Structure formats: C-alpha cells, structure tokens
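Novice: One structure coming up, written as structure tokens, with questions to follow.
2 protein chains.
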Amino acid sequence: MSEGGLYSLATRGAKDVIDFAMPRVLQALTEIKPYPDRMTIADLGCADAGTSLDMIRGAIHHIQNDSPETQVTIIYADQPANDFNALISIVHGRTRFESWVDQFDNAFPLVSGSSFYLRAVPDESLDLVFSATAMHWLSTKPCNITRHVHMVGASGPEFDAFARQAREDWETILLCRAREMKRGSKMVLVNFCRDEQGRYLGNTGGVNMFDTFDEIWKEFVASGRITRQEYENMTLPQYYRTAEEFSSPLVEPESPCFQAGLRLDSLETRVVPCPFSEAYKRNHDIKAFADGLVPTVRSWNQSIFKAGLDRGRDPENRNQIIEDYYAAYHRRVMDSPQGHGMDYVHAYMTISRV
Amino acid sequence: MSEGGLYSLATRGAKDVIDFAMPRVLQALTEIKPYPDRMTIADLGCADAGTSLDMIRGAIHHIQNDSPETQVTIIYADQPANDFNALISIVHGRTRFESWVDQFDNAFPLVSGSSFYLRAVPDESLDLVFSATAMHWLSTKPCNITRHVHMVGASGPEFDAFARQAREDWETILLCRAREMKRGSKMVLVNFCRDEQGRYLGNTGGVNMFDTFDEIWKEFVASGRITRQEYENMTLPQYYRTAEEFSSPLVEPESPCFQAGLRLDSLETRVVPCPFSEAYKRNHDIKAFADGLVPTVRSWNQSIFKAGLDRGRDPENRNQIIEDYYAAYHRRVMDSPQGHGMDYVHAYMTISRV
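Structure, rendered in structure tokens:
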C-alpha cells in the first residue's frame, strides 16, 4: 500500500507517539553510561512491535556507537493472547516493515509471553525498560459501570472502584519492574493519561469519543437491540491515570515502589494529533476520514464490546450487532465529521532504579 | 482425548526420545556445579515445546533443589516460521499440557525466532543447551536427488553433495553454540542418525519407510500423475549423520569447533520404538495403526512434498495429489501392516564448552 494509505495512517498515530519518546530514550541511555558488555532492553506491551522498530533501532545504534563491543538483547513482551507469530514475522524482517535484526551483528531479539503484571525476567536483568500505550489496561474489571462504557464517564463508587484498581495495578507493575531492573537503570513509559486540562484519548476539545461510544450503545438499548445488562457488561477494563496518580508511588517515601528503589526523574504530558482528522482537515475527504477512524477505534474495543453481548445469542446475531454498531459510528462521522477524531493524550515519564 | 488416544501416541514418540535424554541432562547439570545466581538454558528447534515440558521442569527442579536462590531463564528457540502462538500457549499453561511456569517463582520462559544456524543470544550467555530431533534439517538443499526422495537412498555425487552440506551445516551450528555458551557449560543434543548397524528413522529391520515414500511417488510418476521433475523436486532437505560425522569436529584438534572450545564428552545411539507399531503388536488393530502412523509421517513431510509439485497446477489439484499420496500410504499399511512403523534412531551426545 502506498505511503499515506489507510494502513500507514492507522499505524502512524501509535508510531508518532513512540517517536516522540525517542529523545527521552536517548537521554536515559546517556545517563546510564558507561555501557556494560551486555545490555538488555525490554519493550513491554509491544503488540506486534511494528511501531517501535525505529525506536529500538535508534537505541541499539546509540549504544553500539558509543560502545561497539556491547551486545544488546531486546526482550519484546506481551500477554499470552498476543499474536506472537505476527510479532516474530515483523521483528525478523519477513514483512514490509524495516526490521533492525539484520542491521546489527550483535543485537538479539527475544520474546516473552508474560504480561507486565508479572515478572518476565530474573532480578536485576534490565538496563532499560520501555512501554508505550499499554498500561491503561487493568488486570481485572473491578465492576461494571452502569451509566457509561468507560471510566472517563463514571462517577461515585464506580469511579472510586476503578481508581482503586488502577492504583493497585500501577503499584504491581512498578514493583515487578523494580525487581527486574538493574540498579542504576532507567525506565521510559508512555501511557494514556488525563492531562492537567482534563483532556484524554479522543477528548481534546471536539466531540468526546467515549461519549460517542456510549451514546450509540444507549441507542441500541433504547431500541431494544441489546439489553441493559449487555450494555453494562461492555464496560472497558481501562483507566486513564492523572500525572498525580502516575507520580505518587515514585515520589512518596513511604510508598513500597519508592522503597524498592524507583524514583521519578520527569513527567510531561503531550497531545499527539489523530492522523485521520489531520488528513481530513487538509483534504476534506469525509469518507476517507470515516473509513480510517472507525476501524482504528474498532481494533481495540471490538473484542470488549462483543464479549459484553449475551452468550445465549447465536454467533451470527452477535456479529451483526457489532457490524451495525460500527456502521452507526461511521454514519455519525459521515453526517457530521467536524470534531470527531482520536487525538492521543499521553504522559511521558522517565523513572530511575536507584 | 483420553490417555492412549491417537493424539497422545503421536506426541509420545517424540516425548519418549526426550525423556531418554533426562539422565544425560541431569548429569550435565551436576557437572557444571556450583550454580551461579542466574542460569540460562536454551531448547533449540523446540517446535511447540510440548514434548520437552517435563525435561525442562526436571532441569529447573534439579537446579533449584541444589541452589534455591538461582533464577533460571529458559529460551525456547525455533525458526521464524514456527507456530509461536502455539508455543506460548503451551508454555504459559493455556492448553491441556502441564506447564512448569506456575510451578516455580523464579523461572522465566523466553522465546527466540532465530534458527540454530544463527546466534540467538549474546556471547557466553548459556549454561546448558538442549536440542532434540531438529538438526537433521539442512540450511539449504544442495541438489535434487534423482532416484530417491531422501539422502538415505542417494549415492555418488548426489550423496556427496548432501554429506558436504551436512558437514558445513554441523560446523555452523556448533560454531554459533561455541560463542553463545559460557566457558564450562554443557550441551545435550539428541539428533536423528544412521547408527553403527545402518539403522535410521523408519528403517530398523522391517519395511524401509523412506523406500515406501519413494516407491509411492515413483508409482505416481509411472501413472503420469506427477512429472519426473516434480518427483525430483520432492527431495527432502535432511541429512542423517553418523556417529563419526557428529564426533569429528569435536575430537579433531584442527577443527574450528574444537579450537572454539567444544569437546565431545560422550555419544551413544539409541532406538526408540514407534508407539503406533508397538500398540499394533499388542492390539492387532490394523486401522488404528494406519490411522496413527500416516498422519504422524505426514506432519513433517507433507509441506516438502507439496512444495515439489508444479506451481502451474491449480491448488485444488495439488491438494488432491497430496491426499491421494497419503491415502496410498494408508492402503499399503492396511494391506500389509507387518514391518511398517517409524522407530526413532537417535544419537545422544553431551558436549562441553571448555
């Protein structure tokens, strides 16, 4: 597919997010010099690794440019249900993505099927940890949200249950990393957040994307297409933390994460624009906009919504509801494209293991 | 499926082969004591890792029984076309196989998509290397064999070309390992061989399995079903080495492998009986025998045979030829079961890295 095609746009947002982390990665690497003979970098929640290939290539180059004898191991990690065949194909250069594997004699990709809620490697193994756009997935859904599909629309005890789960999960993630990281190593994390202006993914001043998700499902309830219980089951098991929530276990001396040796070096939030709405602003091609945006959204929420539908429905009926749902979303964008989009809002952090 | 069902039998042969290596693995581990704080074991050409789960479990237990603080990393490696989704599902306990992952707090599975013709990890990383029933696959097919489908039926310059390729490949495999292995580490290899009595896989006194493969394809040539060129293209890119061929680079001081620090500790050959022909001898169930043996054979040679068929044939025609081929094999077993089977003939070796 040609440059600027739908596929490139779909991956470009996530890749832009990672590319913006590059100066932070290189800074972290510079601060851990001198480099030992063997170094290990982990990319946690890597999915198919396509969007981080350039970042990893840049990191290896940075290290071996300074220390040509240093042999670098890259550990790509994701949960067991990830598509590891796609990951290995991409990393080993069997796809159209430009892999780094053949560009270095002494850099070695390995793969882990352990989620970031578990330790994936022995204690004090890692020199650099990286993760992008992954840690908003909670380890479990603490409750259904009765009046929205996402915690950004929750309130009261339901919001509190999500906040509590997110706090526990963040601590679990950090404590696993504290054990895996060498003393003196660094961690660069790029995570969805709610920023100081209250912005978050798909909510940066235009139409609120999560409200759109919710409104369409509520229409399906109102028309009798799905039940109230199915709607509630669709609650997405995600939480977008604030800068304060990310920081506190890393700056408060009584936190077990702080006591395990983790320290916050810096945190900034950043909005990375939706490549589809940006293209639409330039070319005014409404159909291309809807054709690009809807599948991108669908790629990460379809499985959750579908799992919310009653198991008693026959599979064809379930599939049709899901098709109709995204068709309704597509029509909304076509009818009134202005303000739709999925701008990314991330917290970029660097963390030290002392 | 019940114990003793077809599936269990199909995997039991390969698992028996590995289980026979267990005393050798434990002996190798005993000889590399005392154990360091971190140890790494590689299983090369692991496929889906199902047949080596017990061996790996035993190795970790042996290490941590002696040295409870030692954290163990297991690197499962196979070529990029392997099914890594199946591998990760099995290793992470998402199938009916009993995984070791939840049985140890400090043992970590990692996966590599590098074949054993490449270095998969940095220099001096590995404490123990294991590989079973994998290294008979050559890196390339040196030529087609004109009068047989396998090197066991080749002669003259064609045989010599295979022997030369196998010698080069074996040296490549060993030199990669010499770099990856720590000084003082061990390697336990279990490889198909031609033994001192001239026996090899599927040729242990009864019907020669490879001659059967060949005879049926020759019938397909004679009847005009496939062309002579297609028959020649079907040459399997394998070589079954002799004990002498396995040993020589490890005992001859002028060999680059010897010079890189590899030494042969011991080598023995062993025949592991075909579980299907063993079951047939007990239960005289001819159909169960054919139903079990043919798919087992098919699992490793179908893709090679199919790739030999002319690309100009339409896919349905190619599939039908392959179906008819294995149906013909099935009929041969049904008509005259006596002597059919796929006994395994392996060389078991222990190699030191000095």
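Protein sequences appear in the order of chains D and Y.
The letter at position 248 of the first sequence is residue 248 when you use my numbering, and the numbering goes up by one with no holes.
The letter at position 97 of the second sequence is residue 97 when you use my numbering, and the numbering goes up by one with no holes.
Positions of the beta carbon are idealized from the N, C-alpha and C atoms, including for glycine.
Quantities reported herein were computed from a predicted structural model and do not represent experimental measurements.
1) Could you tell me whether the Cβ of Y:Phe84 comes closer than 8 angstroms to any Cβ of chain D?
2) Does Y:Met1 have its Cβ less than 8 angstroms from a Cβ in chain D?
3) Does chain D have any CB closer than 8 angstroms to the CB of Y:Arg94?
4) Between the C-alpha atoms of D:Pro34 and D:Asp66, what's the straight-line distance to the nearest angstrom?
5) Just to make sure I have the definition right: I need the residues of chain Y whose C-beta is within less than 8 angstroms of the C-beta of D:Thr73. Which are they?
6) Please list the partners that Y:Pro80 has in chain D, where partner means a Cβ-to-Cβ separation under 7 angstroms.
7) Can you tell me the Cα-Cα spacing of Y:Pro237 and Y:Asn144, whole angstroms?
8) Which chain Y residues are close to D:Phe108, counting only those with a beta carbon under 8 angstroms from its beta carbon?
9) Going by DSSP, name the residue or residues bridged to D:Pro109.
10) For D:Gln165 and D:Val345, I'd like the C-alpha separation in whole angstroms.
11) Using the C-alpha atoms, what's the distance from D:Arg147 back to D:Phe159?
12) Tell me where the beta strand (DSSP E) around D:Phe104 begins and ends.
13) Residues of the region 27 to 41 of chain D with a CB closer than 7 angstroms to any CB of chain Y: list them in chain order, please.
14) At which residues does the beta strand (DSSP E) containing Y:Ile32 begin and terminate?
15) Going by beta-carbon coordinates alone, are D:Ala132 and D:Val17 separated by less than 8 angstroms?
16) Counting only beta-carbon separations shorter than 8 angstroms, does D:Glu171 have a partner in chain A?
17) What is the rounded straight-line gap between the Cα of Y:Tyr280 and the Cα of Y:Ile322?
18) Measure the C-alpha to C-alpha separation of D:Phe210 and D:Thr140 and round it to an integer number of angstroms.
19) Determine the closest residue to Y:His150 out of Y:Tyr239, Y:Ile216 and Y:Leu29, with distance taken between C-alpha atoms.
20) Contact between the region 72 to 89 of chain D and the region 109 to 118 of chain D: three or more CB pairs below 8 angstroms?
21) Tell me whether D:His284 is buried or exposed, calling it buried when 16 or more other Cβ atoms sit within 10 Å of its Cβ.
22) May I ask you to report which of helix, strand or coil DSSP gives D:Tyr200?
23) Quick check on D:Met334: does DSSP put it in helix, strand or coil?
24) Could you spell out where the beta strand (DSSP E) holding Y:Leu138 opens and where it closes?
25) In the DSSP assignment, the beta strand (DSSP E) including D:Leu267 goes from what residue to what residue?
26) Around the Cβ of Y:Ser266, are there at least 16 other Cβ atoms within 10 angstroms (buried) or fewer (exposed)?
Specialist: Reading off the structure:
1) yes
2) Unreliable positioning characterises Y:Met1 in this predicted model, as indicated by a pLDDT of 34, which lies under 50. A coordinate reading is not provided.
3) yes
4) 9 angstroms
5) Val121 and Pro122
6) Ile88, Ser89, His92 and Arg94
7) 9 angstroms
8) Ser112, Ser114, Arg119, Ala120, Val121 and Pro122
9) D:Ile74
10) 21 angstroms
11) 11 angstroms
12) It is not in any beta strand (DSSP E) - D:Phe104 carries neither H nor E in the DSSP assignment.
13) Arg38
14) First-last for Y:Ile32: undefined, no H or E at that position.
15) yes
16) In the displayed structure, chain A is absent; the protein chains listed are D and Y.
17) 26 angstroms
18) 20 angstroms
19) Looking at the Cα atoms, Y:Tyr239 is the closest of the given residues.
20) yes
21) exposed
22) strand
23) DSSP places D:Met334 within a helical segment (H, G or I) once states are collapsed to three.
24) From DSSP, Y:Leu138 is part of no beta strand (DSSP E); its letter is neither H nor E.
25) Leu262 to Val272
26) exposed
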